[in-house]
Amino acid sequence: ERLVETRGCSEQPCESKDCTVSEWSLWGGCSVACGIGSRTRGRNYTSRPCEDGQGCDLDLEEIKPCAEPPCGCNDCKWGDWVVWSQCSTPCDGGQRARERH
13 ERLVETRGCS EQPCESKDCT VSEWSLWGGC SVACGIGSRT RGRNYTSRPC EDGQGCDLDL
73 EEIKPCAEPP CGCNDCKWGD WVVWSQCSTP CDGGQRARER H
């Protein structure tokens, strides 16, 4: 005796449908505040192909260069020395340090 029976259904063929994508988004901002960088825009799949439809080989992202004002150059200047640290040991010769930025 059987516990389960099966039979076919929904036998009509699927409608052929190509992959589609959305419109491109607006270009994003430049990736740098100064100098040469890049900006991107994207889009998404809105439907996947079905049956004999065209596949999804469309680009989903575009990148292009962008140029912001040149980066300025500043000469480095050392700051003042800070106070000396405490000695690293109370006896037998330790070390003190100080730094500047």
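When you read off a place in the sequence shown, starting at 1, and then add 12, the result is the number in the numbering used here. Cβ coordinates follow ideal geometry from the N, Cα and C atoms, glycine included. Every value quoted in this text rests on a predicted model; they were computed, and no experiment measured them.
Is there contact between the segment 102-109 and the segment 67-77, where contact requires at least three CB pairs shorter than 8 angstroms?
no
Closest to GLY47 by CA distance: which of GLU23, ALA79 and ARG19 is it?
ALA79
Residue span of the beta strand (DSSP E) that contains GLY54, given as start and end:
48-54
Could you tell me the alpha carbon to alpha carbon distance between ARG102 and TRP96, rounded to whole angstroms?
Just to set this straight, residue 102 is Pro in the shown sequence, not Arg. Taking the straight line from one Cα to the other gives about 15 angstroms.
Please identify the residue among GLY49, SER34 and TRP36 whose C-alpha is closest to the C-alpha of PRO82.
GLY49
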